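Notes to accompany the following structure.
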Amino acid sequence: MSSLQFFLYCNASFFCLCVGLKTIGSSEILILEFSGRSDRKHARLLHNFSSMGSVTVCTRVRFNPNCSGISTIFSYSIQSYINEFQLRANVIQGKTVQLAVLVHGIHGPYQDAFEHDSYWHTTCVTWSQIGGHWALYADGLAFYRGDGLNSTDSIGPDGLFIIGQEQDTFGGSFKKNESFSGSITDLHIWDRVLNSSEISSMKNQCSLISSGLVFQWRMTSQTIYDQVSSLMSTFMLKILYFSS
Ligand SMILES: *[C@@H]1O[C@H](CO)[C@@H](O)[C@H](O)[C@H]1NC(C)=O
Ligand SMILES: *[C@@H]1O[C@H](CO)[C@@H](O)[C@H](O)[C@H]1NC(C)=O
Ligand SMILES: *[C@@H]1O[C@H](CO)[C@@H](O)[C@H](O)[C@H]1NC(C)=O
Ligand SMILES: *[C@@H]1O[C@H](CO)[C@@H](O)[C@H](O)[C@H]1NC(C)=O
Ligand SMILES: *[C@@H]1O[C@H](CO)[C@@H](O)[C@H](O)[C@H]1NC(C)=O
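Residue numbers -20 to -1, 1 to 224, in mature numbering (1 follows the signal peptide of the UniProt record, and there is no 0), belong to the letters of the sequence shown in order.
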């Protein structure tokens, strides 16, 4: 049995983001809910990144069926390079959702990923500095692979990893027309390229591969705050346990 509860968290300036807790057996999963587009709603990973010569990011997303346009699933920026690493979607009503990866400012092509419906889909992106090899996965299967996506450098350290917004400055200057609308959960990061059998096994067995895992989705891993307010309003997600 699983149950899903949503909570609305608002800071002093009444900026709200809905976060949800799904309880499956004894474990609880945090779900970020972005209802409608905005230039503010986002979540930032509280993680200190090292430089990464190769990387895999997997997450589960559910797009708002009513929204279309460019939708940023995540953006990672470093002080010296804002468009360091991103996963973006192009959502067109009545068409398949397309995904594209961007590394050191080079934008890969948008490719068909999954139906634009109200269901959850898993997606993974892998990239390696060696040859700039990259791949995109939807629901456990690779749907596109490419080379030469800026292999100049590894992904730089000490950056800001932001879910739901594209950064035009380090940690800010978000744009409503590039924001995400829908739900995001289970985002994990590895500092190596997971191969296709590992990614499909995670999808099919609902298990997490631990080798190379540098960021794991947990209740306490995120800070959700309103970038506009001067105080960084931190909603300790543990509070959710007491609210339920
Ligand atoms: C990241 O590094 C800073 C400065 O060294 C430290 O204060 C902070 O606790 C670290 N955060 C995490 C999540 O490890
Ligand atoms: C989409 O729009 C319909 C009709 O306006 C509305 O009933 C529904 O709640 C919307 N769905 C989301 C996820 O916003
Ligand atoms: C590739 O990335 C480096 C930084 O890692 C950047 O300086 C360079 O301009 C990028 N190449 C292109 C063609 O944008
Ligand atoms: C979003 O709007 C800005 C202007 O505010 C524009 O520069 C940018 O190209 C737009 N992005 C998309 C994806 O349309
Ligand atoms: C994928 O990686 C795993 C773990 O490193 C390895 O055991 C397996 O042989 C690899 N599979 C393929 C198809 O490369």
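Ideal Cβ positions, reconstructed from N, Cα and C, are used throughout, including at glycine.
Note that the structure is a prediction, hence the values are computed from the model and not measured.
Around the C-beta of residue i, are 16 or more other C-beta atoms found within 10 angstroms, so that it is buried, or is it exposed?
{"i": "Gln202", "result": "Confidence in Gln202 is poor, its pLDDT being 49 and thus under 50, which makes the residue's placement too unreliable to answer from."}
{"i": "Tyr99", "result": "exposed"}
{"i": "Ser161", "result": "buried"}
{"i": "Gln78", "result": "buried"}
{"i": "His96", "result": "buried"}
{"i": "Asn46", "result": "exposed"}
{"i": "Gln147", "result": "buried"}
Taking 7 Å as the cut-off, is the beta-carbon of residue i closer than that to any non-hydrogen atom of ligand 4?
{"i": "residue 225", "result": "Residue 225 falls outside the range modelled here, since the chain spans only -20 to 224, and no answer is possible."}
{"i": "Ile50", "result": "yes"}
{"i": "Glu13", "result": "no"}
Identify, in the order they occur along the chain, each residue of the same chain with its Cβ nearer than 6 Å to the Cβ of residue i, setting aside the five sequence neighbours on each side.
{"i": "Tyr56", "result": "Glu64, Phe65, Gly139, Phe141"}
{"i": "Leu129", "result": "Val83, Ile86, Gly88, Gly112, Trp114"}
In the DSSP output, which residue or residues are listed as bridge partners for residue i?
{"i": "Gly162", "result": "Phe14, Phe43"}
In terms of alpha-carbon separation, which member of the options lies closest to residue i?
{"i": "Arg42", "options": "Ile189, Asp166, Glu178, Val173", "result": "Asp166"}
{"i": "Ala122", "options": "Lys75, Ser18, Asp148, Ala93", "result": "Ala93"}
{"i": "Val35", "options": "Gly16, Pro137, Thr76", "result": "Pro137"}
{"i": "Ala80", "options": "Ala118, Leu26, Gln73", "result": "Ala118"}
{"i": "Thr132", "options": "Asp19, Arg20, Gln147, Ile110", "result": "Ile110"}
{"i": "Arg68", "options": "Ser31, Phe29, Asn157", "result": "Asn157"}
{"i": "Leu193", "options": "Leu10, Lys183, Gln185, Val173", "result": "Val173"}
{"i": "Gly144", "options": "Leu10, Ile53, Ile11, Leu26", "result": "Ile53"}
{"i": "Gln185", "options": "Arg40, Gly120, Ile62, Ile58", "result": "Gly120"}
Run the proximity test for residue i: is its beta-carbon closer than 7 Å to any non-hydrogen atom belonging to ligand 3?
{"i": "His84", "result": "yes"}
{"i": "Tyr56", "result": "no"}
{"i": "Asp127", "result": "no"}
Who are the Cβ neighbours of residue i in its own chain at under 8 Å, not counting the five residues just before and after it?
{"i": "Ser60", "result": "Gly136"}
{"i": "Gly16", "result": "Asn44, Cys47, Ser161"}
{"i": "Ser181", "result": "Ser187, Ile189"}
Under 7 Å from any heavy atom of ligand 5, does the C-beta of residue i make it?
{"i": "Ser177", "result": "yes"}
Cutting at 7 Å between CB atoms, please list the residues of its own chain near residue i, excluding the five before and the five after it.
{"i": "Val71", "result": "Phe43, Cys47, Ser48, Gly49, Ser51, Val77, His96"}
Would you check whether ligand 6 has a heavy atom nearer than 7 Å to the C-beta of residue i?
{"i": "Asn63", "result": "Ligands present in the displayed structure are limited to ligand 1, ligand 2, ligand 3, ligand 4 and ligand 5, and ligand 6 is not among them."}
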